[in-house]
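So the sequence lines, in the order shown, correspond to chains A and B. Note that the working numbering gives residue 347 to position 347 of the first sequence, counting from 1, and the numbers run on in steps of one. If you count the second sequence from 1, you need to add 467 to reach the working numbering. Even for Gly, the Cβ is constructed at its ideal location relative to N, Cα and C. If you're wondering where the values come from, they're calculated on a predicted model, not measured in any experiment.
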Amino acid sequence: MGKTLFEKIWDKHVVKQIEDGPSVVYIDKHFIHEVTSPQAFSGIEKRGAQIFRPQQIVATADHNVPTMQQELPIKDALSKFQVDTLIENCKKHDVELYGLGHKYQGIVHVIGPELGITQPGMTIVCGDSHTSTHGAFGSIAFGIGTSEVEMVFASQCIMQSKPKVMRINIDGTLKNGVVSKDIILYIIAQISASGATGYFVEYAGSAIRALSMEARMTICNMSIEMGARGGMIAPDQTTFDYIKGRLFAPQGADWDKKLAQWKELYTDADAKFDVEINIKAEDIDPMITYGTNPGMGLSITGKLPTVESFTDATEKQNYEKALAYMGLTAGQSLLGMPVQNVFIGSCTNSRIEDFRLVAGVIKGKQKDPNIKTLIVPGSQEVAKQIKAEGLDKIFAEAGVEIRQAGCSACLGMNEDKIPAGEYCISTSNRNFEGRQGAGARTLLASPLTAAAALLTGKITDIRDILN
Amino acid sequence: MQSLQKITSRFIPLRIENVDTDQIIPARFLKATTKDGFGKNLFRDWRYEQDDETKPKADFVLNQSQYSGEILVAAKNFGCGSSREHAAWSIQDYGFKVVVSSFFADIFKNNALNNGVLPVTVSDAFLQQIFAQGAKDTLSVDLEAQTITIDATGAFEKFDINSYKKTCLLNGYDDIDYLLSMKTEIEAYEKANQ
Numbered sequence: 001m002g003k004t005l006f007e008k009i010w011d012k013h014v015v016k017q018i019e020d021g022p023s024v025v026y027i028d029k030h031f032i033h034e035v036t037s038p039q040a041f042s043g044i045e046k047r048g049a050q051i052f053r054p055q056q057i058v059a060t061a062d063h064n065v066p067t068m069q070q071e072l073p074i075k076d077a078l079s080k081f082q083v084d085t086l087i088e089n090c091k092k093h094d095v096e097l098y099g100l101g102h103k104y105q106g107i108v109h110v111i112g113p114e115l116g117i118t119q120p121g122m123t124i125v126c127g128d129s130h131t132s133t134h135g136a137f138g139s140i141a142f143g144i145g146t147s148e149v150e151m152v153f154a155s156q157c158i159m160q161s162k163p164k165v166m167r168i169n170i171d172g173t174l175k176n177g178v179v180s181k182d183i184i185l186y187i188i189a190q191i192s193a194s195g196a197t198g199y200f201v202e203y204a205g206s207a208i209r210a211l212s213m214e215a216r217m218t219i220c221n222m223s224i225e226m227g228a229r230g231g232m233i234a235p236d237q238t239t240f241d242y243i244k245g246r247l248f249a250p251q252g253a254d255w256d257k258k259l260a261q262w263k264e265l266y267t268d269a270d271a272k273f274d275v276e277i278n279i280k281a282e283d284i285d286p287m288i289t290y291g292t293n294p295g296m297g298l299s300i301t302g303k304l305p306t307v308e309s310f311t312d313a314t315e316k317q318n319y320e321k322a323l324a325y326m327g328l329t330a331g332q333s334l335l336g337m338p339v340q341n342v343f344i345g346s347c348t349n350s351r352i353e354d355f356r357l358v359a360g361v362i363k364g365k366q367k368d369p370n371i372k373t374l375i376v377p378g379s380q381e382v383a384k385q386i387k388a389e390g391l392d393k394i395f396a397e398a399g400v401e402i403r404q405a406g407c408s409a410c411l412g413m414n415e416d417k418i419p420a421g422e423y424c425i426s427t428s429n430r431n432f433e434g435r436q437g438a439g440a441r442t443l444l445a446s447p448l449t450a451a452a453a454l455l456t457g458k459i460t461d462i463r464d465i466l467n
Numbered sequence: 468m469q470s471l472q473k474i475t476s477r478f479i480p481l482r483i484e485n486v487d488t489d490q491i492i493p494a495r496f497l498k499a500t501t502k503d504g505f506g507k508n509l510f511r512d513w514r515y516e517q518d519d520e521t522k523p524k525a526d527f528v529l530n531q532s533q534y535s536g537e538i539l540v541a542a543k544n545f546g547c548g549s550s551r552e553h554a555a556w557s558i559q560d561y562g563f564k565v566v567v568s569s570f571f572a573d574i575f576k577n578n579a580l581n582n583g584v585l586p587v588t589v590s591d592a593f594l595q596q597i598f599a600q601g602a603k604d605t606l607s608v609d610l611e612a613q614t615i616t617i618d619a620t621g622a623f624e625k626f627d628i629n630s631y632k633k634t635c636l637l638n639g640y641d642d643i644d645y646l647l648s649m650k651t652e653i654e655a656y657e658k659a660n661q
């Protein structure tokens with residue numbers, strides 16, 4: 001029987017299979033950031049051990065960094081201490097750091113791919129659940145805890161049980177106004193926030209093949225939001241074209257050799273998946289979430305479920321809890337509802353293509369005067385590209401300020417937060433209670449839908465603007 | 468890592484589904500560089516009004532004095548979302564040794580096991596039986612036998628854990644000790660796959 005893409009890469013990286021236990025899996029690339037690494041560094045030091053393969057680690061500072069005046073010291077003392085600790089640890093252990101002020105600094109899941117570090121067939125980990133982003137290149141990439149960061153420090157390996165495999169096929173052509181963020185929000189709304197727990201997901205089908213690398217990354221990024229260990233897409237010409245010529249991409253003869261290997265990375269025709277799901281691209285509308293987990297999403301023209309539609313008592317209670325937090329009513333429509341904030345950024349949607357999409361919508365128009373914005377490129381490179389393409393002028397003319405690279409308002413950890421009780425249309429990945437700041441109400445959507453709200457101050461069907 | 472074998476304790480019932488790690492420990496508390504002291508901020512925004520420790524929310528179960536114990540029992544899909552191990556640290560630091568649910572998110576499960584906190588997956592029906600017990604009733608968890616028992620009724624269920632992780636937990640070993648002992652094999656793998 002043939003193998004799935006996942007199995008091909010997994011099997012190649014198993015150093016040892018422990019009987020009735022996990023596999024010891026070799027890790028090719030390890031990304032680290034300031035939040036989930038300090039205890040791993042101190043752990044390794046306490047054991048008197050060394051970092052086994054420091055040259056396979058790349059570090060950046062992203063979660064804690066301010067997105068304005070990055071040249072000044074970080075104001076929050078604890079944030080500053082954490083970022084300084086990363087600098088010190090990287091120096092001490094000889095780890096490459098693209099820290100604040102470095103031209104390659106940015107959100108860890110944005111910089112890995114754009115620097116050509118992320119490549120097909122690799123195993124990649126990071127102490128961050130959105131590591132699944134890198135799966136867009138046909139790699140096995142997943143988030144780990146700090147104990148596991150320490151494991152990789154110590155041995156360049158990790159102990160993992162082999163997950164089951166799921167394939168989600170999306171075939172057909174996306175409707176106008178529908179982008180990759182809508183695909184993934186649609187999938188999660190269909191299968192729930194726990195629908196892929198225990199699985200590694202491969203996304204396939206003609207609608208996926210038609211997507212750019214940026215768009216594929218958005219989909220793989222949110223795999224964790226349905227509980228999946230990770231998500232991946234088989235590499236193809238789009239992937240190879242994206243990687244070629246990037247800073248850390250293979251060169252010359254090495255490129256040819258790697259390319260030949262990468263072309264073998266696909267699921268065999270007779271390979272078996274534990275679960276297979278088929279979706280028609282034409283069924284997907286612009287999506288938006290209404291609740292407090294990413295599975296609580298609907299078409300922008302849809303209505304919230306009624307309370308009666310929940311038969312299970314706990315589920316009903318949880319739905320009512322979410323509605324109370326969000327200040328919404330069962331059965332209502334979201335269209336036309338005023339919002340106070342728009343956040344465009346995060347490892348889900350902060351790449352150059354996202355800014356092109358938004359610029360295309362707002363060009364020659366003015367933002368709604370009541371809307372507060374946080375528009376945050378994913379990396380210094382993205383920020384540079386925005387300027388090179390003149391997109392910054394389009395934003396400026398619309399009355400919108402572009403900030404500096406970082407995780408920003410995705411997680412309520414740095415200075416960028418959404419005030420309690422206010423709504424935010426956000427291109428990020430999580431609408432959990434308090435995620436964007438205590439009491440903040442997050443509505444997850446695509447960059448296009450966010451751009452529409454930027455102009456109108458309300459939840460708006462982007463198709464009304466595009467048509 | 469602390470070892471864990473058998474435990475009999477009252478439990479704290481958290482009848483909430485999809486408890487994400489942002490609720491367990493909000494991101495603003497992740498700025499520490501050590502593993503200590505996270506318990507006081509466990510479920511911070513569900514526990515206190517306006518982030519104020521002098522204003523506990525009466526309707527939240529950790530603030531209800533009738534409930535106590537070293538076992539946390541939660542509705543399905545516990546620990547979803549962010550991979551932050553700080554969630555496991557805060558649960559452990561608060562004093563929990565076991566978390567029971569009908570469904571756990573993967574990363575949380577690993578993080579818990581790596582910190583000597585045992586995640587016990589039970590059936591939906593058994594979870595409902597536990598939730599139906601009173602505040603003074605106890606649960607017994609026996610890792611060696613892989614059983615969880617409602618002591619008042621004697622009802623019990625077997626739970627799964629792979630034998631490697633079980634041995635680690637029973638003895639307080641961690642994966643890093645194991646991996647450090649594998650250096651030669653790892654180097655051989657690297658050589659063969661260059």
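query: Looking at P113/A and W262/A, is the spacing between their C-beta atoms short of 7 Å?
result: Contact flag unset, no.
(Q) Please classify G390/A as buried or exposed, where buried requires at least 16 neighbouring CB atoms within 10 angstroms. (A) With fewer than 16 neighbouring CB atoms inside 10 Å of its own CB, G390/A falls in the exposed class.
Next on the checklist: I need the straight-line Cα distance from S192/A to I483/B, nearest angstrom please.
Outcome noted: Each residue's alpha carbon lies about 16 Å from the other.
Would you say P338/A and T449/A are within 7 Å of each other, going by their C-beta atoms?
Their beta carbons are not under 7 Å apart, which means P338/A does not touch T449/A by this criterion.
Pop quiz: E516/B and K524/B are said to be a contact at Cβ under 8 Å. What is the actual Cβ separation, rounded to whole angstroms? Going by Cβ atoms, the distance from E516/B to K524/B rounds to 6 Å, so yes, they are a contact pair.
### Query
What alpha helix (DSSP H) runs, 4 residues minimum, are completely inside the segment 61-104 of chain A?
Taking only runs of at least 4 residues, the alpha helix (DSSP H) segments lying wholly in the segment 61-104 of chain A are 77-93.
* Taking 7 Å as the CB-CB limit, is V38/A close to chain B? -> It is Pro, not Val, that sits at residue 38/A in the sequence shown. Output row for P38/A: interface = yes.
Compute the Euclidean distance between the alpha carbons of S408/A and T614/B, then round it to the nearest angstrom. Going from the Cα of S408/A to the Cα of T614/B covers about 45 Å.
Shorter than 7 Å from the beta carbon of I628/B to some beta carbon of chain A?
-> Not closer than 7 Å to any Cβ of chain A, the Cβ of I628/B fails to qualify, so no.
Q. Mapping DSSP to helix, strand and coil, what is D609/B?
A. In the structure shown, the three-state DSSP call for D609/B is strand.
Could you give the distance in angstroms between the alpha-carbon of P235/A and the alpha-carbon of N660/B? Looking at the backbone, the Cα of P235/A and that of N660/B are separated by about 21 Å.
Practice prompt. Would you list the residues sitting across from C547/B in a DSSP beta bridge?
Written response: Its beta-bridge partners are D487/B.
Note to self: Using a Cβ-Cβ distance cut-off of 7 Å, determine whether A612/B contacts chain A.
What the structure shows: At a cut-off of 7 Å between beta-carbon atoms, A612/B makes no contact with chain A.
Sub-7 Å separation of M1/A and D270/A beta-carbons: Their beta carbons are under 7 Å apart, which means M1/A touches D270/A by this criterion.
| task | Could you check the C-alpha separation between D573/B and V95/A for me, to the nearest Å? | result | Between the alpha carbons of D573/B and V95/A lies a distance of about 29 Å.
query: Whose Cβ in chain A lies nearer than 7 Å to the Cβ of S549/B?
result: Going along chain A in sequence order, the residues near S549/B (Cβ under 7 Å) are S129.
Practice task
Taking G227/A as the query, report the chain B residues whose CB atoms sit under 8 Å from its CB, ordered along the chain.
Solution key: For G227/A, the C-beta contacts it makes with chain B under 8 Å involve N544, C547, A572, D573, in order along the chain.
**Proximity of Q533/B and A619/B at Cβ, strictly below 7 Å** = With respect to A619/B, Q533/B sits apart: the two C-beta atoms are not nearer than 7 Å.
On the DSSP bridge list, what partners appear for D171/A? Beta-bridge pairing links D171/A to K280/A.
- [ ] Would you kindly work out how many angstroms separate the C-alpha atoms of T173/A and E401/A, rounded to a whole number?
- [x] Distance between the alpha carbons of T173/A and E401/A: 34 Å.
In the DSSP output, which residue or residues are listed as bridge partners for Q472/B? BP columns for Q472/B are empty, so no partner.
Give the interface partners of D325/A over in chain B, defined as CB-CB distance under 9 Å, in chain order. In the sequence as presented, Asp is not what sits at residue 325/A; that position holds Tyr. None at all; the shortest Cβ gap to chain B is about 10 Å.
Beta-carbon gap between F343/A and C220/A smaller than 7 Å: C220/A sits away from F343/A, with the two beta carbons spaced by 7 Å or more.
Residues of chain A with a CB under 8 Å from the CB of A493/B: which are they? What sits at residue 493/B in the sequence shown is Pro, not Ala. Per Cβ cutoff of 8 Å: G412, G434, A438.
For C410/A, the three-state DSSP class (helix, strand or coil): Residue state for C410/A is assigned as helix, using DSSP reduced to three classes.
Checklist entry - Got a sec: is the Cβ-Cβ distance from N176/A to anything in chain B below 7 Å? => result Judged by the 7 Å Cβ criterion, N176/A is not in contact with chain B.
E624/B - DSSP class collapsed to helix/strand/coil:
Three-state DSSP puts E624/B in a strand.
Notebook entry, point to check: For chain A, is any of its Cβ atoms less than 7 Å away from the one on E484/B?
Noted result: It does; some Cβ of chain A falls within 7 Å.
**OP:** Can you give me the Cβ contacts of D128/A inside the same chain, cut-off strictly under 7 Å, excluding the 5 residues immediately before and after it?
**Re:** Same-chain partners within the cutoff: H33, T36, V108, G143.
- prompt: Going by beta carbon distance, what residues of the same chain come within less than 8 Å of M213/A, once the five residues before and after it are set aside?
  reply: These residues qualify, in order along the chain: P113, A136, F137, T238, T239, Y242.
ask   = Shorter than 7 Å from the beta carbon of E552/B to some beta carbon of chain A?
value = A Cβ of chain A is located within less than 7 Å of the beta carbon of E552/B.
- Item | For M287/A, three-class secondary structure by DSSP | DSSP places M287/A in strand when its eight states are reduced to three.
**Asked** At a Cβ cut of 7 Å, what residues of the segment 499-529 of chain B count as close to chain A, listed as they run along the chain?
**Response** Within the segment 499-529 of chain B, the residues whose Cβ lies closer than 7 Å to any Cβ of chain A are, in chain order, T500, T501, K502, D512, D518.
Please give the ranges of any beta strand (DSSP E) in the segment 181-264 of chain A, keeping only runs that are unbroken, at least 3 residues long and fully inside the region.
Here the runs fully enclosed are 199-204, 230-232.
**Message:** With DSSP as the reference, identify every bridge partner of T301/A, one or two as the case may be.
**Reply:** T301/A has no beta-bridge partner at all, per DSSP.
Please list the terminal residues of the continuous alpha helix (DSSP H) segment that includes V9/A. In the sequence on display, residue 9/A carries Ile and not Val. Run containing I9/A: 5-13, per the alpha helix (DSSP H) assignment.
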